[in-house]
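Residue numbers (the UniProt record's numbering): 1 to 344.
All residues carry an ideal CB built from backbone N, CA and C; glycine is no exception.
Remarks on the structure that follows.
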Amino acid sequence: MGVLDEAFIQAPEHRPKTHLKNADDYILSKEIPTIDLSSLQDPNRDKTALTTEIAEACMRWGFFQVTNHGLSLDLKRRVEKTMAEFFSLPLEEKRRVKRDEVNPMGYHDGEHTKNVRDWKEIFDFFLQDSTTVPATTVPEDTELRKLTNPWPQNPSDFREVCQEYAREVEKLAFKLLELISISLGLPGDRFTGYFEDQTSFLRFNRYPPCPNPNAGVITVLAQDNVGGLQVSRRSDGQWISVKPNPDAFIINIGNCMQVWTNDKYWSAEHRVVVNTSKERFSMPFFLFPSHEVNIEPLEEFISEDNPPRYKKYNWGKFFAARNRSDYKKLQSESIQIDHFKAAA
């Protein structure tokens with residue numbers, strides 16, 4: 001990644017207050033819930049207790065971990081091995097599948113968060129190959145673009161392993177989406193129609209050791225045992241470190257769900273504190289709706305006493321704008337969900 005320069009340095013208000021040197025260097029909270037999904041293996045078992053746990057986690061945190069999730073840990077370890085092999089390749093070879101502003105999938109080592117370059121390298125790939133997205137961020141422009149995944153030649157089994165993992169983690173994501181819907185008092189399939197032509201994708205992250213660690217719908221996150229993920233607590237905004245569990249998946253509520261539920265469920269801000277001595281890997285799966293879906297509070301969560309807190313926006317245009325801000329530093333602040341807040 002080279003010598004750390006000012007492009008990687010966050011503004012003081014965004015910097016973590018802790019520098020992680022090893023996996024035990026945490027200010028830990030037991031509040032972030034871990035939810036056991038083993039009851040799903042019995043279709044006749046009552047799910048009330050499970051969905052109650054999920055509702056509490058989504059309202060208070062927007063984050064929770066799941067165990068006994070049914071996804072093969074052997075497959076997860078195969079993907080981790082293949083991911084590590086890819087990131088260990090020479091930079092020149094990785095850049096043969098480098099993404100750009102036209103196609104946001106592939107390898108990238110210059111992503112930005114809050115307009116500051118991240119201390120990491122990534123590889124992204126769409127769940128559906130190909131995936132349709134808007135060609136531009138202009139609201140009136142209806143032109144669409146079909147994008148395909150650029151697959152590296154090495155490791156030789158990279159594409160096969162990635163696609164197998166993608167299919168399995170998608171099943172888990174939709175299982176969780178059904179449970180979240182039920183936890184809201186809605187039918188289990190309330191959100192299904194939004195994903196007929198989904199824009200979901202998976203990401204491989206590698207965070208190298210950092211000499212100065214000031215860089216910094218739902219997501220299903222698999223991570224290693226190095227740790228570094230921090231979540232902003234809804235009640236007071238305090239940053240809480242999430243203790244890593246390589247056998248669990250971390251679930252976080254996304255912006256779409258926060259808008260759909262009119263702020264009933266919370267999309268928590270989160271970040272990664274890079275490590276001074278160890279590299280870190282993670283594999284998030286982002287469950288995203290179809291590009292034509294318009295996101296706005298659902299009628300089930302609107303009343304005279306609880307009017308819409310967000311204006312309607314198009315998911316595809318939002319996706320395109322976020323990708324553009326991820327790719328390079330912009331002259332203005334990158335688009336955020338707060339930009340669609342309704343006037344008080």
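C-beta contact flag for residue i and residue j at 8 Å
i           : j           : result
residue 282 : residue 223 : yes
residue 218 : residue 259 : no
residue 232 : residue 173 : no
Cβ distance (whole Å) where residue i is taken to contact residue j below 8 Å
i           : j           : result
residue 191 : residue 177 : 6 Å
residue 133 : residue 194 : That belief does not hold up - the Cβ atoms of residue 133 and residue 194 are roughly 15 Å apart, past 8 Å.
residue 155 : residue 82  : 5 Å
residue 301 : residue 243 : Actually they do not touch by this definition, with Cβ atoms about 33 Å apart.
residue 44  : residue 105 : Contact flag wrong, Cβ pair sits at about 41 Å.
residue 205 : residue 94  : Actually they do not touch by this definition, with Cβ atoms about 14 Å apart.
residue 78  : residue 169 : The Cβ separation is near 13 Å, so there is no contact.
For residue i, the nearest candidate out of the options (CA to CA)
i           : options               : result
residue 338 : 84, 105, 137 and 312  : 312
residue 151 : 273, 126, 252 and 135 : 126
residue 225 : 237, 249 and 236      : 249
residue 137 : 320, 300 and 110      : 320
residue 314 : 142, 39, 84 and 237   : 142
residue 131 : 38, 120, 147 and 167  : 147
residue 123 : 80, 135 and 189       : 80
residue 271 : 238, 76, 78 and 262   : 238
residue 175 : 97, 39, 297 and 309   : 39
residue 61  : 74, 34 and 108        : 34
residue 59  : 317, 307, 241 and 235 : 235
residue 91  : 109, 76 and 75        : 109
Backbone secondary structure at residue i - three-state DSSP
i           : result
residue 285 : strand
residue 79  : helix
residue 124 : strand
residue 294 : strand
residue 87  : helix
residue 102 : coil
residue 25  : Unreliable placement is indicated for residue 25, whose pLDDT of 40 sits below 50; no coordinate value is reported for it.
residue 311 : coil
residue 236 : coil
residue 222 : strand
residue 252 : strand
> Is the stretch 197-205 touching the stretch 271-291 in the sense that three or more CB pairs, one from each, lie closer than 8 Å?
Replying inline: yes
> Is the number of C-beta pairs between the stretch 174-189 and the stretch 51-71 that are closer than 8 Å three or more?
Replying inline: yes
>> Taking 8 Å as the cut-off, does the stretch 56-74 touch the stretch 239-254 (at least 3 CB pairs, one atom from each stretch)?
In response: yes
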